Structures are given as C-alpha cells and as structure tokens.
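See below for the structure under consideration.
Residue numbers (the numbering used here): 1455 to 1994.
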C-alpha cells in the first residue's frame, strides 16, 4: 500500500520512502501491536503520521520530550495541514484544562502526550467524555518501557494499564513501539509487555548510519579532556556541536570556559522549561555553536544539522552512546559527515561502576524507603489513604520513589488512587455543590486536607477526585492551584513481607547488575581495535 502517494499533498518535501519504512507500514496495516527498531534520523515519525491520516479516529503519540512534541505539532499544522495537538507542561495549566474540556471526536488527527499524562484521571475523563476514537497508540522512545537499562521510566511501565483502561471503555487501539536501539533483553521485555508477535517485530539492518565518523580518545587524566576538545574543535571547525557531560555544574562551567572563542549554551534538568525552550531554539537556529548538555538534551531531539557530537564524560551503555551520537547530521539533502568524539579513561569506568553499585538496595533500605513513601507513623490500618507532595516525590534524592512505587504496586503493597491540585480551601467552584459545601465546611473546622475530609465525611478520595473532574468538565471550577499537587496512595499492606521484600530487592539489584554489564560492554567497545565491527555486533 503506497501511503506516501496517497497523502503526498501533506508531505510535499518527501519524494520516496525507505524500504524499511514500507516494510513497517505493511506490518501496521494488520492493525496489530508492532515493534520497529529504526536508526536515528531514519524517519520514524513519518510512519505514524501516514498511519494517522489513513486511520479513522485519533493517533495518540506518547513522547518523553516537550521540544519534539511542539516542533512536530507546529510542522504538521503549518506545512502538512494535519490537525495536531501537544499536551505538555509548556501550556499553562488552565489552558490545558480548557483544551481538554473542548476535545471532540474529530478535532485532531494526532495528539502528543507525555507518559505521565496517561495516569491523570482528568485527562482520562476528558478522553472518554469527548467521544474520541483512539485508533493507534505510538510509544516513542520505547526503550523507556524496559526495566533493563538506564532509560527505564516507571510511567512508561504503566502504558499497558492505560490501554486496559481504554479497552474497559470500548476503545481498542493497536500499538506501534518505536526506538533506534534496543538490547536483546529490552526487546524481550517490550514484546512480552505488549504481546507483540515475532512477525510484527522489525529490526533495521542498517542500525548504524554511514555518515557518523566515530573517534575515540583515551586520556591519562581528566584535565587532558579540555585540551582534547579544543583540538577537536580547531581541526573540524563544526558550526553546531553538542558536548555531553554527566554533571549539571560542569555544563555551566564549560559553557563559560569555552565562551572565549565560541557562542555557547548549557542544557540540563534543572534549567526551567522556558529557558530550555529558548536554548533549544537558539541552538536550532545556529545562534549557539556549542551546547554543553546532560542527557536531559536527549530522546527525541530533532535538530538535523548537528556537525559534531562529543562525549566529554562516558555514557552508561553502548545503546545510550549510539542514541546520542545518532543525533548528529540527519539532513538528507545534503548528506554530510558528523564527527563524533568520545573521551575516556579507565578511571572513568571504575568511578561510574561504583556510582551505579551504590544504587543497590538491601531489605533494610527497602523498608526505610517504604516508610519514607507512606509516612508509616500515621498508618493505622490497611486501606488507609496517604498523600505525598508530588514534587517532593519525583525529586527525592535519597530513594528512587518512582521505581519503588512501580515495584510496590506490582506486588500489591500500595495502590495509586490519583492526584489533586491544591487543598479543599484553595479550590473555588463557580457554584458550590452540596458535596463541595460539606468538604469546605469540614476543612474550615478541622484540617485543610483531603485525607482528613475523606475520613470525617465518609467520602472516599476517588469520589472526591471524580467530583472535582466532573465539575471541571462542566466548567464549574473558578480556581484550581497549578503548582501545588498531591499524589494519593491507598495502603494495601502495613508491612512488606520478607519474601516479597527479598523479591523486590533481587529485581532492583538485577537491573543494576545489568547496567554494570552494559557499562563493561561499553568499555569493551571503547578499547577494541575494530570498533565499528564491535558496534555492529552489539547493536545489530
């Protein structure tokens, strides 16, 4: 089926599909769950954009990167004349609510969302109320689904639950999982999670692009790296370079250091969303020559004319190394080489292995983390509901609470009920309902918190959440705090049994051991005499 010819008016700049794109599109016509592993810059987005046009209803794209969402939506709306929407944190909170309330069945062909959005009850309620028929769900950067590796994101692990939610509401989409590189263990994980048949799994034979020229330089001491980077820049004079570092602080420091001869910028997780957006656009437009960045400048980046990629600090795996190197020069016309430099030492690998090992759990640490999550001093009985400030939950430095929640839910220790913005007294309705009057009265006389109100009025937290979302859908909420959000858990067990604790610890530590193995594999690549042969062996 020649979908490009059928929808050529939407993609006037594309003259032909690659053979592998044709192959994947033919698989997708079966409308069965599919996994496609295609090289970076290989036209993954075009696959689901063509399918979206050919299918009835909406294609939902789950993407971890805000900049990619916005860029593709702008391009689809302006150039391709395809109605698309991105729902992300760059849109004001109240504007997001307004957009969701106005969703209708035929408003958009493609909707981009972050994985975190899928668990949001208001988003779910709006999807169902809108009458939207979701035909296809695209899981972009699908390696995030797998627990095997650095990129695992627990919210990606909940995609299956979201699909089941849609099925329970008589919506039966099929899935397209897309990624550029995937280890064999991760491939097994994903195909098992989504029940993808072997005949619906496509792995491109050309995982490694010919225009990426790979350079590897071993250094004796860390201080030699700055000189090596300056020499590299002087030799190749790239107009657009990404330098990957592990440290947020050093991103900023080196941006200052190299500002003597270059226009520089920095990009990491602690840079606020508005500044990230500005830096991204400056780099895209050529106003920044060298961007010093952590992996926050990562998945889904779509800047086609990057002339060099430098790994100042070592990545965590061969897959991560090649994902990042693969962001180099993606333009098809003209095709140019991108020089990729990796700087490394034996000490770098030893220190990184120690850092990863420190993440290992013991049963004692697991119990401490569980108490930190649920605040066990307040827990009196099974079924009790507790709340946790979401920002504190996501940014906990002591424990990986997101991963812990994923494991505790898997073993039936806790259940996530939902999220609420604000407290009873910080939310205002246009017209108070009888239930809301009771909630406000109890909060004024007792404690301004939903757990307290729930207990004393005999109303469950899910009922309160449902009531708030119903009022929001009816446009009956006057004030809802944007920045304050609590996440609510129901405690299904007061303690973790030794058996389950042992299993959780073993699972977490097995993943950490796997990551250490990936690091050893990376060192083997960096040390090997025939690096391209070794890279092909690992990735293909």
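C-beta: ideal position from N, C-alpha, C; glycine also.
Being a predicted model, the structure only gives us computed values, none of them experimental.
Are residue 1862 and residue 1827 closer than 9 Å when you measure CB to CB? Going by C-beta atoms, residue 1862 is nearer than 9 Å to residue 1827.
Got a sec? Which residues, its chain only, sit under 8 Å from residue 1966 by beta carbon, not counting five neighbours each side? For residue 1966, where only same-chain residues beyond five positions count, the Cβ hits under 8 Å are 1810, 1811, 1813 and 1814.
Look at residue 1874 and residue 1922 and say whether their C-beta atoms are less than 9 Å apart. Cβ atoms of residue 1874 and residue 1922: closer than 9 Å.
Do the CB positions of residue 1644 and residue 1489 come within less than 9 Å of each other? Yes, they are a contact pair.
For a minimum of 4 consecutive residues, which ranges assigned as the alpha helix (DSSP H) are wholly contained in the stretch 1678-1717? Within the stretch 1678-1717, the runs of alpha helix (DSSP H) that reach at least 4 residues and sit entirely inside it are, in chain order, 1678-1690 and 1702-1711.
Please say whether residue 1947 and residue 1872 have beta carbons closer to each other than 9 Å? In this structure, residue 1872 lies away from residue 1947, with their beta-carbon atoms at least 9 Å apart.
Uninterrupted alpha helix (DSSP H) stretches inside the stretch 1853-1926 (no shorter than 4 residues): Qualifying alpha helix (DSSP H) stretches, in chain order: 1855-1864, 1888-1899 and 1904-1911.
In the DSSP assignment, the alpha helix (DSSP H) including residue 1583 goes from what residue to what residue? DSSP places residue 1583 inside the alpha helix (DSSP H), whose first and last residues are 1575-1584.
Buried or exposed: which applies to residue 1734, given that a residue is buried once 16 or more other Cβ atoms fall within 10 Å of its Cβ? With 16 or more other Cβ atoms within 10 Å, it is buried.
Please classify residue 1878 as buried or exposed, where buried requires at least 16 other C-beta atoms within 10 Å of its C-beta. Residue 1878 should be labelled buried.
For residue 1896 and residue 1935, what's the separation of their Cα atoms in angstroms? The straight-line gap from Cα to Cα measures roughly 20 Å.
Taking 9 Å as the cut-off, decide whether the C-beta atoms of residue 1748 and residue 1698 are in contact. Yes, Cβ-Cβ distance for residue 1748 and residue 1698 is below 9 Å.
Are the Cβ atoms of residue 1979 and residue 1992 separated by less than 9 Å? Between residue 1979 and residue 1992, the CB-CB gap stays under 9 Å.
Residues of its chain near residue 1982, where Cβ-Cβ distance is below 6 Å and the 5 sequence neighbours each way are ignored: Within the same chain, residue 1982 has close Cβ partners 1988.
Would you call the stretch 1503-1519 and the stretch 1648-1664 in contact, with 3 or more CB pairs under 8 Å? With the cut-off at 8 Å, the stretch 1503-1519 and the stretch 1648-1664 do not touch.
Which residue wins for smallest C-alpha separation from residue 1501, given the options 1529, 1609 and 1480? Nearest neighbour of residue 1501 by Cα position, chosen from 1529, 1609 and 1480, turns out to be 1480.
How about residue 1517 and residue 1478: do their beta carbons lie closer than 9 Å? No, the pair does not count as a contact, with Cβ atoms beyond the cut-off.
From the DSSP output, in three-state form, read off residue 1616 for me. DSSP places residue 1616 in helix when its eight states are reduced to three.
Helix, strand or coil: which one does DSSP assign to residue 1645? In the structure shown, residue 1645 sits in a helix (DSSP, three-state: H, G or I).
Outcome for residue 1884 when other beta-carbon atoms lying within 10 angstroms are tallied against a minimum of 16: When all chains shown are included, residue 1884 counts as exposed.
Complete runs of the alpha helix (DSSP H) confined to the stretch 1749-1790 [at least 4 residues]: 1772-1779, all fully within the stretch 1749-1790.
Please state the DSSP three-state secondary structure of residue 1824. In the structure shown, residue 1824 sits in a helix (DSSP, three-state: H, G or I).
Consult DSSP for residue 1610 and reduce its assignment to one of helix, strand or coil. Looking at residue 1610 - three-state DSSP - the assignment turns out to be helix.
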